[in-house]
Amino acid sequence: MSEQNPASLSSHDYHFSPRQALVGSQMFFVAFGALVLVPLLTGLNPSVAMFTAGMGTLIFQVVTKGSVPIFLASSFAFIAPISYGVTKWGLPGTMCGLVAAGLLYVLLSLLVKMRGVGIIQRFLPAVVTGPVIMVIGLSLAPVGVNMAVGMAGDVQAVPRNLALTVAGISLAATVIATVWGRGVIRLIPILCGIVAGYAASALFDLFGNYSVKLVNLSPIYNADWFAMPQFVLPVWNLDAIIFIVPIAIAPAIEHVGNIIAIGAVTGRDYLAKPGLHRTLLGDGLATSAASLLGGPPNTTYSEVTGGVALTRAFNPAVMTWAAITAIGLAFIGKLGAALMTIPGPVMGGIMVLLFGTIAVVGINSMARSNENLLEPRNMVIMSVVLVSGLGGLEISIAGFSLSGIGLAGIVGVILNLILPGGGHSSKKRNS
Numbered sequence: 013m014s015e016q017n018p019a020s021l022s023s024h025d026y027h028f029s030p031r032q033a034l035v036g037s038q039m040f041f042v043a044f045g046a047l048v049l050v051p052l053l054t055g056l057n058p059s060v061a062m063f064t065a066g067m068g069t070l071i072f073q074v075v076t077k078g079s080v081p082i083f084l085a086s087s088f089a090f091i092a093p094i095s096y097g098v099t100k101w102g103l104p105g106t107m108c109g110l111v112a113a114g115l116l117y118v119l120l121s122l123l124v125k126m127r128g129v130g131i132i133q134r135f136l137p138a139v140v141t142g143p144v145i146m147v148i149g150l151s152l153a154p155v156g157v158n159m160a161v162g163m164a165g166d167v168q169a170v171p172r173n174l175a176l177t178v179a180g181i182s183l184a185a186t187v188i189a190t191v192w193g194r195g196v197i198r199l200i201p202i203l204c205g206i207v208a209g210y211a212a213s214a215l216f217d218l219f220g221n222y223s224v225k226l227v228n229l230s231p232i233y234n235a236d237w238f239a240m241p242q243f244v245l246p247v248w249n250l251d252a253i254i255f256i257v258p259i260a261i262a263p264a265i266e267h268v269g270n271i272i273a274i275g276a277v278t279g280r281d282y283l284a285k286p287g288l289h290r291t292l293l294g295d296g297l298a299t300s301a302a303s304l305l306g307g308p309p310n311t312t313y314s315e316v317t318g319g320v321a322l323t324r325a326f327n328p329a330v331m332t333w334a335a336i337t338a339i340g341l342a343f344i345g346k347l348g349a350a351l352m353t354i355p356g357p358v359m360g361g362i363m364v365l366l367f368g369t370i371a372v373v374g375i376n377s378m379a380r381s382n383e384n385l386l387e388p389r390n391m392v393i394m395s396v397v398l399v400s401g402l403g404g405l406e407i408s409i410a411g412f413s414l415s416g417i418g419l420a421g422i423v424g425v426i427l428n429l430i431l432p433g434g435g436h437s438s439k440k441r442n443s
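Residues 13 to 443, numbered by this note's numbering, are exactly what the sequence shown covers, in order.
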């Protein structure tokens, strides 16, 4: 493609140029910490996650005609179901459920195309999605605490005091970057936490008097520089589909919020052009494609939206370079091995903040909806969703079982549809 006169192009229009490579690579590293966190917590391969993030972003760009400057990568909403699914059905069976979750996005995109954006609010209002998002975060709290105190299952893998110290350093670095960070630092708090915790772990190994070593570098030494990511193909599993698909309700709503957010940054209405139906379709196809290869589901990254706001890099082609960077680094074997050596307490410290943050996002979505949360109808929906999702309730139907986040999502949708007073008739909070 020949270079065009910059004066003839809007900074919002897609125009691909090697000059954008540096900015695009920077956008990838803004997303890097959160991108690799999901596979590290769920046992998936980080190299596969990088590859599928890049591939998913390219798919999204094709579907949306290269009009939205956004990057797609690992979704936090699926951490709990992936962890549960891998234990119960194995990785290939879990991937089957995740492929189906992506197809739910496709179905939602068709509904939006036929009925308009309002159909999302009708079936999935904040009073449903807010509590479901809270369940996603709070159900993971024990996992974060156990890793922070050095537990590996029922085994004390790292001395408790040592683990808490490392987790505290990791958490403190993440908080400092989040609250007091400036520029790019504020966009990569998770990466800052990982680096600080990893460095502290290495120092404790060198100068501490502990029988357990936190960092084992042998996988890095043994890994090849260039290696094919370890792709995993899905196998049919109806139980996994029934369990996981309802969970996609919450990130679908989050998708709408992220598209609105990037529109506010660039000054364009992406719900109108290319249209919410196209962005949902792109996200869904990216999620299904990632799961077909053993990668985590994709979602639009708010960190990268912040990066766009900071750099004013409105040209969507920048995300093409970010995707190319992700795909290229996926084949660096030593990078994937290095990620696998991050100590558990480091991840635990970050998770203490992260999982609570997910719950706060759910609370915020309800608060911003301006609904009267003490109205009986809303209290019923939120209460039943929270308790059924967090209380260990399991319902078996025709040999299939529903529990946790999936059950909470289905319960919320059903209650919202059958209880009177929904939609515009519900009372708003007094101003």
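Note that beta-carbon positions come from the ideal geometry of N, C-alpha and C, so glycine has one too.
In the structure shown, what three-state DSSP assignment does residue i receive?
i: N158; result: helix
i: F343; result: coil
i: S86; result: strand
i: S151; result: coil
i: I430; result: helix
i: F326; result: coil
i: F135; result: helix
i: K439; result: For K439, the pLDDT reaches just 47, beneath the cut-off of 50, and the residue's location in the model is therefore unreliable, although a value from the coordinates is still provided. In this structure, K439 counts as coil in the three-state DSSP scheme.
i: V364; result: helix
i: A284; result: helix
i: A264; result: helix
i: V167; result: strand
i: V316; result: helix
i: S37; result: helix
i: F72; result: helix
i: D251; result: helix
i: L305; result: coil
i: N376; result: helix
i: D295; result: helix
i: T353; result: coil
i: S29; result: coil
i: P457; result: Lying before the first or after the last residue shown, residue 457 is absent from the chain, which here runs from 13 to 443.
i: S300; result: helix
i: F243; result: coil
i: V257; result: helix
i: P81; result: coil
i: R194; result: coil
i: V226; result: The displayed chain sequence assigns Leu, not Val, to residue 226. If DSSP states are grouped into helix, strand and coil, L226 belongs with coil.
i: G279; result: coil
Considering residue i, what are the terminal residues of the alpha helix (DSSP H) in which it resides?
i: S182; result: 172-191
i: T311; result: That residue, T311, is in no alpha helix (DSSP H); its beta strand (DSSP E) goes 310-312.
i: P93; result: 91-127
i: G209; result: 201-219
Between the alpha carbons of residue i and residue j, how many angstroms are there, rounded?
i: L402; j: L150; result: 8 Å
i: A185; j: A208; result: 6 Å
i: A92; j: I148; result: 7 Å
i: V124; j: S400; result: 29 Å
i: L110; j: L341; result: 24 Å
i: P355; j: T106; result: 25 Å
i: L305; j: A189; result: 33 Å
i: S443; j: G205; result: For S443, the predicted structure reports a pLDDT of 42, less than 50, and the residue's modelled location is therefore unreliable. The matter cannot be settled from this model.
i: A19; j: G368; result: The pLDDT assigned to A19 is 35, lower than 50, so where the model puts this residue is not dependable, and the model offers no usable value.
i: T278; j: S223; result: 53 Å
i: V196; j: F40; result: 12 Å
i: L386; j: G130; result: 24 Å
i: V144; j: A262; result: 6 Å
i: L297; j: I82; result: 15 Å
i: S14; j: P30; result: Residue placement at S14 is poorly supported in this model, since its pLDDT is 38, which falls under 50; the coordinates still yield a value, given next. When rounded, the distance between both Cα atoms is 11 Å.
i: L120; j: A325; result: 30 Å
i: L431; j: M126; result: 25 Å
i: Q133; j: T299; result: 22 Å
i: V167; j: G97; result: 22 Å
i: S438; j: L429; result: Here S438 scores only 44 on pLDDT, less than 50, and its place in the model should not be relied on; the value that follows carries that caveat. One C-alpha to the other measures close to 13 Å.
i: L226; j: V187; result: 22 Å
i: V247; j: N221; result: 47 Å
i: T64; j: P58; result: 10 Å
i: H436; j: Y313; result: Note that H436 scores a pLDDT of 46, beneath 50, so its modelled location is shaky; the value from the coordinates is reported in the next line. Those two C-alpha atoms are separated by around 31 Å.
i: N390; j: F216; result: 50 Å
i: S230; j: F238; result: 17 Å
i: V425; j: A235; result: 47 Å
i: E315; j: I339; result: 19 Å
i: G165; j: Y117; result: 34 Å
i: Q38; j: G319; result: 9 Å
For residue i, which residues does DSSP report across the bridge?
i: T337; result: Beta-bridge pairing links T337 to no other residue.
i: F238; result: I344
Which stretch, first to last residue, makes up the beta strand (DSSP E) that contains residue i?
i: N234; result: Premise fails: N234 lies in the alpha helix (DSSP H), 230-234, not in any beta strand (DSSP E).
Please go through the region 378-414 and give each complete beta strand (DSSP E) segment of 3 or more residues, from N-terminal end onward. 406-409
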